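Once you know that position 132 of the sequence shown is 132 in the numbering used here, the rest is easy, because the numbers rise by one and skip nothing. Quick reminder that beta carbons are idealized off the backbone N, C-alpha and C, glycines included. Remember, predicted model here, so these are calculated numbers, not experimental data. Some notes on the structure that comes next.
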Amino acid sequence: MITYNHWYDKNLTFYNEINIDLCQCNVRGQLNIFELLRLATSIADEDYTRQGLSRKILYNHGVTILLSRIMFHFCSLPCANDRITISTWEEKPGPFQLTRAYNITAQNKKILIKGYSSWLLVDYKSHKIIRTKKFTLRPESTRQESGYYRKLGKISIPHDLVFLGKRYVYFSDIDINGHMNASRYCAFAIDCLPEIYQEKDFTDFFINYSKETIKDETIYLFGAVNLKEQKITVIGKQGEHNCFESNFYYT
């Protein structure tokens with residue numbers, strides 16, 4: 001992936017202009033949703049680092065920031081060799097979660113994708129959640145500009161779930177935090193979709209993370225289709241506990 005430019009505007013929105021590589025795309029030549037998730041988490045990390053909140057500095061203060069929930073609304077998915085600009089900014093946090101918005105635009109400034117995410121502040125040693133008001137390493141954002149018609153929230157689990165398969169967690173699935181990278185859950189969910197739905201044009205994607213997964217664990221995947229709402233729900237389970245829940249909306 002080629003990065004052409006990056007900058008901040010006066011509102012502290014961070015912009016990153018990049019090129020979409022072939023290896024980031026699916027068989028239809030469009031940006032994979034799990035690659036989009038990887039880009040979104042990477043630009044968030046870079047934004048924090050450029051504002052003086054690198055992973056090392058957070059660690060020295062006993063804090064880590066973990067993705068909790070994220071959604072995307074697709075106007076049009078970029079394709080291989082497209083040049084796009086990803087912008088992100090923090091919004092006013094809730095009591096327990098930081099929030100962050102995204103826009104992805106084409107070279108002609110047309111919006112391709114909108115996104116929104118929430119993040120947990122976690123004590124590095126105890127793994128306890130830290131209230132956002134106690135996070136004083138930088139000024140709290142007061143922006144509230146996102147107006148998506150579907151908001152982040154709890155994903156309802158259908159009663160008619162069917163078993164779709166299982167995935168073993170290998171070394172290549174694990175990131176610097178010592179557990180499975182957020183984008184891999186999305187890849188697992190996409191991989192287990194029946195072939196008829198692999199060709200669908202998705203309008204929205206939501207994923208909520210419930211439990212960390214580490215190497216040598218197995219995720220059991222279950223799903224259900226709601227034809228009326230044009231929605232596919234995929235959840236990953238470890239024993240009796242969900243490790244993620246996701247919804248794909250399609251046309």
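Worksheet item: Which same chain residues, not among the five before or five after residue 30, have their C-beta less than 6 Å away from its C-beta?
Response: The residue labelled residue 30 in the question sits at position 30 within the sequence shown. Excluding positions up to five away in sequence, the list reads 77 and 79.
Worksheet entry | Backbone secondary structure at residue 81 - three-state DSSP | The residue labelled residue 81 in the question sits at position 81 within the sequence shown. Shown here, residue 81 sits in coil according to DSSP, grouped into three states, outside any helix or strand.
Fill in: For residue 168, the residue or residues it bridges with in DSSP
Your numbering for residue 168 matches position 168 in the sequence shown. DSSP lists 218 as partners of residue 168.
Worksheet item: Looking at residue 75 and residue 134, is the spacing between their C-beta atoms short of 9 Å?
Response: Within the sequence shown, residue 134 is the residue found at index 134, counting from 1. Within the sequence shown, residue 75 is the residue found at index 75, counting from 1. Result no, Cβ atoms of residue 134 and residue 75 do not sit closer than 9 Å.
Worksheet item: What is the rounded straight-line gap between the Cα of residue 54 and the Cα of residue 101?
Response: Stepping through the sequence shown from its first residue, residue 54 is reached at position 54. Stepping through the sequence shown from its first residue, residue 101 is reached at position 101. Here the C-alpha atom of residue 54 lies approximately 19 Å from the C-alpha atom of residue 101.
Discussion item. Quick check on DSSP: helix, strand or coil for residue 233?
Written reply: Taking the sequence shown and counting its residues from 1, the one referred to as residue 233 is at position 233. DSSP places residue 233 in strand when its eight states are reduced to three.
Worksheet item: Based on the DSSP output, what are the partners of residue 246 in its beta bridges?
Response: By 1-based counting over the sequence shown, the position of residue 246 is 246. Bridge pairing for residue 246: 207 and 234 [DSSP].
Discussion item. On the CB-based measure, 16 or more other CB atoms within 10 Å of its CB, does residue 162 come out buried or exposed?
Written reply: What you label residue 162 is simply residue 162 of the sequence shown in a count that begins at 1. Looking at its Cβ environment, which holds fewer than 16 other Cβ atoms inside 10 Å, residue 162 is exposed.
Discussion item. With distance defined between alpha-carbon atoms, name the residue in 154, 64, 219 and 153 nearest to residue 166.
Written reply: Here residue 166 corresponds to residue number 166 of the sequence shown, with the count starting at 1. Of the candidates 154, 64, 219 and 153, the one whose C-alpha sits nearest the C-alpha of residue 166 is 219.
Worksheet item: Quick one: what does DSSP say residue 36 is sitting in, helix, strand or coil?
Response: For the purposes of this step, residue 36 is taken as the residue at position 36 of the sequence shown. Helix, per DSSP.
Worksheet item: Which residues share a DSSP beta bridge with residue 90?
Response: Residue numbering aside, residue 90 sits at position 90 when the sequence shown is read from its first letter. According to DSSP, which records beta bridges pairwise, residue 90 is partnered with 100.
Item to complete: Measuring alpha carbon to alpha carbon, tell me which of 57, 5 and 11 ends up nearest residue 143.
Response: Along the sequence shown, read from residue 1 onward, the residue named residue 143 stands at position 143. Out of 57, 5 and 11, the CA that lies nearest to the CA of residue 143 is found in 11.
Practice prompt. Pull up the DSSP beta-bridge partners for residue 69, would you.
Written response: Sequence index remark: in the sequence shown, residue 69 carries index 69 (1-based). Paired residues: 118 and 208.
Discussion item. I'd like to check one pair, residue 249 with residue 216: are the Cβ atoms closer than 9 Å?
Written reply: Locating residue 216 in the sequence shown gives position 216, counting from the first residue. Locating residue 249 in the sequence shown gives position 249, counting from the first residue. No, they are not a contact pair.
Discussion item. For a test of the three-state rule: what should DSSP assign to residue 58, helix, strand or coil?
Written reply: Mapped onto the sequence shown, residue 58 falls at position 58. In the displayed model, residue 58 falls within a helix according to three-state DSSP.
Worksheet item: Alpha carbon to alpha carbon, how far is residue 138 from residue 4?
Response: Position 138 of the sequence shown, counted from the first residue, corresponds to residue 138. Position 4 of the sequence shown, counted from the first residue, corresponds to residue 4. Looking at the two C-alpha atoms, the distance is approximately 28 Å.
Worksheet item: Using the C-alpha atoms, what's the distance from residue 119 back to residue 66?
Response: In the sequence shown, residue 66 corresponds to position 66, counting from 1. In the sequence shown, residue 119 corresponds to position 119, counting from 1. Cα-Cα distance, rounded: 5 Å.
Worksheet item: When the distance is taken between beta carbons, is residue 16 closer than 9 Å to residue 46?
Response: For the purposes of this step, residue 46 is identified with residue 46 of the sequence shown, where counting begins at 1. For the purposes of this step, residue 16 is identified with residue 16 of the sequence shown, where counting begins at 1. Contact check for residue 46 against residue 16 passes: the beta carbons are separated by less than 9 Å.
Practice prompt. State the CB to CB distance for the pair residue 63 and residue 130, rounded to an integer number of angstroms; the pair is presumed to be in contact (CB under 8 Å).
Written response: If you number the sequence shown from 1, residue 63 lands on position 63. If you number the sequence shown from 1, residue 130 lands on position 130. Sure, about 7 Å apart at Cβ, within 8 Å.
Worksheet item: Is residue 239 close to chain B, meaning its C-beta is less than 9 Å from at least one C-beta of that chain?
Response: In the displayed structure, chain B is absent; only one protein chain is listed.
Discussion item. Excluding the 5 residues flanking residue 26 on each side, which residues of the same chain have their C-beta closer than 6 Å to its C-beta?
Written reply: Your numbering for residue 26 matches position 26 in the sequence shown. 32, listed in sequence order.
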